[in-house]
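Mapping of the sequence shown onto my numbering: residues 192 to 539, in sequence order. Using N, Cα and C, we set each Cβ at its ideal position, and we do this for glycine too. None of the values given here were measured: they were computed from a predicted structure. Input: a single structure, listed below in structure tokens.
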Amino acid sequence: MAGKVRVGVVGIGFMGKMHFGVYKANPKSQVVAIADVDAKKLSGDWSAIAGNIGDGSAKSVDLAGIRKYRDAMDLINDPEVDLVDITLPTYLHARYTLAALAAGKHVISEKPICDNLADAKKVVAAAKKARGRFMVAHCIRFWPEYAWTKEHVVEKGEFGKVLSASFRRLSGTPIWSWTNWLMDAKKSGAAAVDLHIHDVDYVRYLFGDPKAVWAQGAVNAVSKGGGVDHIVAQYRYPGVGQVTAEGGWAMAPGFGFEMSFILVCEKATVVYNCTKTPAFAVHLRNGKTLTPKVAAGDGYSLELDYFLDCIQKKRNPKVVTGTEALKSLALALAEVRSLKAGGKQVRA
Ligand SMILES: NC(=O)c1ccc[n+]([C@@H]2O[C@H](COP(=O)([O-])OP(=O)(O)OC[C@H]3O[C@@H](n4cnc5c(N)ncnc54)[C@H](O)[C@@H]3O)[C@@H](O)[C@H]2O)c1
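Take a look at the structure:
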């Protein structure tokens, strides 16, 4: 494709606003349309948007020259839109992703691919046949420190074998979403499927599919509908001593947000913690500490830049495929099954 990719963003909430800002700053793209059911958002009043990380951007936005739709289907059928970006609540992902693929658009959907495996399979099958390209925004695969760790620690094995890997993602309770859909487990999948899936997907990105998984945690702690609000999952991988991921959004407000990991390797301990400065360090066995140089930007800017590049160069995305996103959802759901069965080991 010659020229800028013309983007339509569907759902101007925490993530829609984030993606909108990224596209505006990227010379490969131009936002030509937005869709939201909320008239205030379409008027450029974005003051009600909130999330677990601040982006410091303006509360009111100049939307001159951008087409505004109340009905997402009108954006999907807009012939001037090349790429439909689905930043809708999770329970709406499959419906609009399928519609946009059927309309011949390129589609990026926020994670998780959707809220259930039957629909996820439909999305993957539709994406395989579609004219447009498809990616799920599993941003952690692109997050600079996580991408560096995949390449240098796991693929190149620069610090010897991985003996232990643990991942954490903890947040204050997200009571800020549109109509509070995040607190309804039937719509969001609660913390296990919404928040923790970032690490579930990254664990799979590093080590592949585990032989088995088991999990414990807390159900219905802050959300309603039988959802898992805090989870600690343990994965069995031949050749890696232990792999654990903890995720939860039942933290008291003062806690804020933490994403972090520790990889204990034969020759070094690799530590990332977004609440620390510096956030990333490789502590060598000889007592020295390295601060790796990682890519500039964050997971959001890098993932969208990658997908825009795939569209312009007519290549299918390899970093995240639909099948990969489906398998990550399947693993998160397997963890929920294990937890609800009292921590029983299950096959992923
Ligand atoms: N990658 C990440 O780090 C990350 C972070 C947060 C959320 N997410 C994901 O992004 C998605 C959106 O989450 P959010 O926090 O931005 O939600 P949000 O509640 O902040 O925003 C949702 C928006 O969708 C709009 N909307 C609802 N129904 C609509 C419809 N039928 N048509 C058009 N607009 C509609 C709402 O008005 C609202 O503006 C979720 O799938 C979530 O899991 C990803």
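Classify residue i as helix, strand or coil using the three-state DSSP reduction.
i, result
"Ile331", "helix"
"His387", "coil"
"Cys501", "helix"
"Met192", "coil"
"Glu449", "strand"
"Ile225", "strand"
"Leu308", "helix"
"Lys352", "coil"
"Leu279", "coil"
"Tyr260", "strand"
Which term fits residue i, buried or exposed, when burial requires 16 or more other beta carbons within 10 angstroms of its beta carbon?
i, result
"Arg476", "exposed"
"Asp385", "buried"
"Ala516", "buried"
"Ser238", "exposed"
"Gln536", "exposed"
Looking at C-alpha atoms only, which residue of the options is the closest neighbour of residue i?
i, options, result
"Pro280", "Cys501, Ile203, Lys505", "Ile203"
"Gly478", "Gly348, Ala470, Ala459", "Ala459"
"Thr435", "Phe350, Thr468, Ile453", "Ile453"
"Thr219", "Ala338, Ser529, Lys195", "The identity of residue 219 in the sequence shown is Lys, whereas the question assumes Thr. Of the candidates Ala338, Ser529, Lys195, the one whose C-alpha sits nearest the C-alpha of Lys219 is Lys195."
"Ala321", "Val344, Leu530, Ala294", "Ala294"
"His343", "Gly490, Thr514, Val473, Leu495", "Val473"
"Arg197", "Phe211, Ser251, Glu271, Ile277", "Glu271"
"Arg286", "Asp269, Met264, Asn268", "Met264"
"Gly445", "Ala486, Val455, Phe358, Ser362", "Ser362"
"Thr468", "Glu457, Thr482, Val455, Val222", "Thr482"
"Lys273", "Val510, Met192, Gln425", "A small fix is needed here, since residue 273 is Asp in this sequence, not Lys. Taking only the C-alpha atoms, the option nearest Asp273 is Met192."
"Val345", "Leu520, Ala424, Gly430, Ala290", "Gly430"
Would you say the beta carbon of residue i is closer than 7 Å to some non-hydrogen atom of ligand 1?
i, result
"Trp334", "no"
"Gly242", "yes"
"Val298", "no"
"Ile304", "no"
"Met450", "no"
"Lys232", "yes"
"Leu499", "no"
"Met206", "yes"
"Leu517", "no"
"Leu289", "no"
With a threshold of 7 Å (Cβ to nearest heavy atom), would residue i be considered close to ligand 2?
i, result
"Pro280", "As presented, the structure is devoid of ligand 2, carrying ligand 1 as its sole ligands."
Using DSSP bridges, identify the partner residues of residue i.
i, result
"Val419", "Val410"
"Ala443", "In the DSSP output, where bridge partners are listed per residue, Ala443 has none listed."
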